[in-house]
Structures are given as structure tokens and as C-alpha cells.
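Q: 263 is the number that the working numbering gives the last residue of the sequence shown; the numbers go up by one with no jumps.
What follows is a single structure, and I will ask about it in a moment.
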Amino acid sequence: MIYIIQYLKISKKMLIENLSLNKQKLLLKLSKKKHRQEFGLFIIEGSKIVEESFNEAQVEFIVVSDKFKGLSLKDLNIPIFKLTEKEFKKYSSLQNPEGILAVVKIPESKLLEDPKRILMLNDINDPGNLGTIIRTLDWFDFDALILQGDCVDPYNEKVVRSSMGSIFRLPIIKSQNALETFENYQNKNFELLGLSLNGSSNLQIDSLKDKKLLLVFGSESHGIPSNQESQIENLYQIAKLGKAESLNLSVSVGIACNLFAKN
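Have a look at this one:
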């Protein structure tokens, strides 16, 4: 099924109702992590990601403003509701909303039967960074992301927006015990690879490329916790050629994903 982002097409048979008060209350609730977890739902906003969701996610319903002109909604078997432009802005996380959002089901995180590349983040709290990392892992065909400890909710509006649709395709697993997670994947023949200032930039990368790898990163402001680092067989440091003090976390992840991508 192909949808063209040109203009709003609504057939005469299509009935678009006003959004009920109950659904308006739901939209407000879904701005909070605890309610996203409670209902198993999150909000996506903008015609590009909404269009992508038709084939990638379970869409519960769509909301458009009465001024929206951007996406073909013909022949969709999805409930569509409308709000005035002023009302729509109450539920938008954008300064200049496009006028379309959707409520979608949080996907089940199912790993492939034989995953080969998984990345773990510790205590990441910047939504933009997390969304960019999710998009990067999708680009490099990583099999899953593990969020360890106190991380920003991956279904936060800013994370979802920064992921550019990759949030639908990448399994995301939550962990509260890193050492148990390490043991679990080591039992599945994974090698642990930590990106750390205590690592070596002379690590034999080619010798690891054919192996199953769990790449481990610290948070934006701290490295890998010492109790984790002591358990990691391979510690790698991205070579520093200039004078910058540090790299942004999402940039470091991108470099590592390129270096250690699947053969």
C-alpha cells in the first residue's frame, strides 16, 4: 500500500469525527512516561513518521487538525479524528505543529534467533542522543539496543522524533542488572566490547568482526561503571587525533558501529 505526501485526500464515504474528551485526556496522559507504560501506547507526530507507521507499527488512531493538508488518508482502516488547529496545539510537542499525530502501540521487543550485534547504553538521559543512536543502530543493522539503569524513556516524544522512524524497527530491551546481562550474552557466545578512555586504540578490530559482539557504553557524563568495566574482555578507545576534550555520545556510537559492523 503506497501513501503519497501531497495533500489531504478524504473520500466522501470517510467519516472523521471530533476527538472525544476521553481520547483528549489520553493524549495528555501519554505525555508522561508512567502512562505510556500503563497503556502500552505512545504518540508520534508529523506526516513522515505517521506515514511510515502504517507499515511498521500498530496504529490505534490518528488525529488531524482542521487545517492539515499533507497526507493521503484514503482507504486506511484506522480511526481518524479531528481537532481545531488551536485545540491540536495543546497536544503537540512542537512549536509549529504540522497538524497530524497518531497513537501507536509500543512494540514487543523480540530478538532475532541469531543476533550478532547488540549495543548497551548506561543511564543515558538525553532524548536527542538516544533517538540519534536508535537511528544509527538501524542504519548499521544492529540487532537490538539494551538500556541499562536509569535511562530516558525511548518512547519520549523527542526520542521518537530524533529516531526518524527507526524506533519501529529496533528491538529495545531494558536491564537493571548489567552483570546478569553480560553473563546471559556470554552464555550465548557473545564477546563484550567496552568503549572506554581506559581502553586501547590498538585493539585488533578485524579479529572481532566475525564474532558476536555486545558493545557497552557509559552515559553522556560518565564512563562505563567500574564494576562493569572489570568484567569486559575488550576495552577500546577511539583514537584522538586533535585537541577536543571529548566526543558526543551519539558520535562515539556512530564511529564504533562503523568500526565493528557485521561482516
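For every residue, glycine included, the Cβ atom is placed at its ideal position computed from N, Cα and C.
As the structure is a prediction and not an experimental result, all values here were calculated from the model.
Can you tell me whether DSSP reads Gly-242 as helix, strand or coil?
A: The residue labelled residue 242 in the question sits at position 242 within the sequence shown. It is coil, neither helix nor strand.
Q: Nearest-angstrom Cα distance between Pro-107 and Asn-187?
A: Position 107 of the sequence shown, counting from 1, holds the residue named residue 107. Position 187 of the sequence shown, counting from 1, holds the residue named residue 187. Rounded to whole angstroms, Pro-107 to Asn-187 spans 26 Å at the Cα level.
Q: Please confirm whether Val-59 and Val-104 have their CB atoms less than 9 Å apart.
A: The count along the sequence shown starts at 1 and reaches residue 59 at position 59. The count along the sequence shown starts at 1 and reaches residue 104 at position 104. Yes, the pair counts as a contact, with Cβ atoms nearer than the cut-off.
Q: Between the segment 111 to 118 and the segment 50 to 70, do three or more beta carbon pairs fall short of 8 Å?
A: No: fewer than three Cβ pairs fall under 8 Å.
Q: How is Leu-259 classed by DSSP in three states: helix, strand or coil?
A: Translated into positions along the sequence shown, residue 259 becomes position 259. DSSP places Leu-259 in helix when its eight states are reduced to three.
Q: Are three or more beta carbon pairs between the segment 118 to 137 and the segment 160 to 167 nearer than 8 Å?
A: The segment 118 to 137, when compared against the segment 160 to 167, does touch it at the 8 Å Cβ threshold.
Q: Considering only C-alpha positions, which residue in the set Ile-232, Ile-173 and Ser-221 is nearest to Gln-148?
A: Within the sequence shown, the letter at position 148 stands for residue 148. Out of Ile-232, Ile-173 and Ser-221, Ile-173 has the C-alpha closest to the C-alpha of Gln-148.
Q: Quick check: what's the CA-CA separation for Lys-89 versus Ile-44?
A: Residue 89 sits at position 89 when you count from the first residue of the sequence shown. Residue 44 sits at position 44 when you count from the first residue of the sequence shown. For Lys-89 and Ile-44, the distance between alpha carbons rounds to 14 Å.
Q: Kindly indicate which three-state DSSP category Val-159 falls into: helix, strand or coil?
A: By one-based count along the sequence shown, residue 159 stands at place 159. Reduced to three states, the DSSP call for Val-159 is helix.
Q: Closest by CA to Gly-46, which one among Leu-27, Ile-100, Tyr-155 and Asn-227?
A: Here residue 46 refers to the residue found at position 46 when the sequence shown is read from its first residue. Among Leu-27, Ile-100, Tyr-155 and Asn-227, the Cα nearest to that of Gly-46 belongs to Ile-100.
Q: At the level of alpha carbons, what is the spacing between Val-278 and Asn-18?
A: Examination of residue 278 is not possible in this model, given that the chain is present from 1 through 263 alone.
Q: CB Ser-219 to CB Asn-125, shorter than 9 Å?
A: Your numbering for residue 219 matches position 219 in the sequence shown. Your numbering for residue 125 matches position 125 in the sequence shown. A contact, by the Cβ cut-off of 9 Å.
Q: From what residue to what residue does the alpha helix (DSSP H) around Gly-194 run?
A: Position 194 of the sequence shown, counted from the start, is the residue given in the question as residue 194. Premise fails: Gly-194 lies in the beta strand (DSSP E), 190 to 200, not in any alpha helix (DSSP H).
Q: Nearest to Gln-319 by alpha carbon, out of Pro-79, Leu-121, Pro-154 and Glu-85?
A: Since the first residue shown for the chain is 1 and the last is 263, residue 319 is missing from the structure and cannot be characterised.
Q: With C-beta atoms as the reference, is Gln-228 less than 9 Å away from Gly-199?
A: Taking the first residue of the sequence shown as position 1, residue 228 is located at position 228. Taking the first residue of the sequence shown as position 1, residue 199 is located at position 199. The answer is no: Cβ separation not under 9 Å.
Q: Starting from the Cα of Pro-225, find the closest Cα among Leu-203, Ala-178 and Glu-183 and give me that residue.
A: Position 225 of the sequence shown, counted from the start, is the residue given in the question as residue 225. It is Ala-178 whose Cα lies nearest to the Cα of Pro-225.
Q: Looking only at its own chain, which residues have a Cβ that is under 7 Å from the Cβ of Phe-42, when we skip the five neighbours before and after it?
A: Position 42 of the sequence shown, counting from 1, holds the residue named residue 42. Excluding sequence neighbours, Phe-42 sits near Leu-30, Arg-36, Val-104, Ile-106, Tyr-155 and Val-160.
Q: Express the C-alpha separation of Gly-40 and Lys-67 in angstroms, rounding to a whole number.
A: Indexing the sequence shown from 1 puts residue 67 at position 67. Indexing the sequence shown from 1 puts residue 40 at position 40. Rounded to the nearest angstrom, the two C-alpha atoms are 30 Å apart.
Q: From the DSSP output, in three-state form, read off Ser-65 for me.
A: Start at 1 with the first residue of the sequence shown, and residue 65 comes out as number 65. Ser-65: strand per DSSP, three-state reduction.
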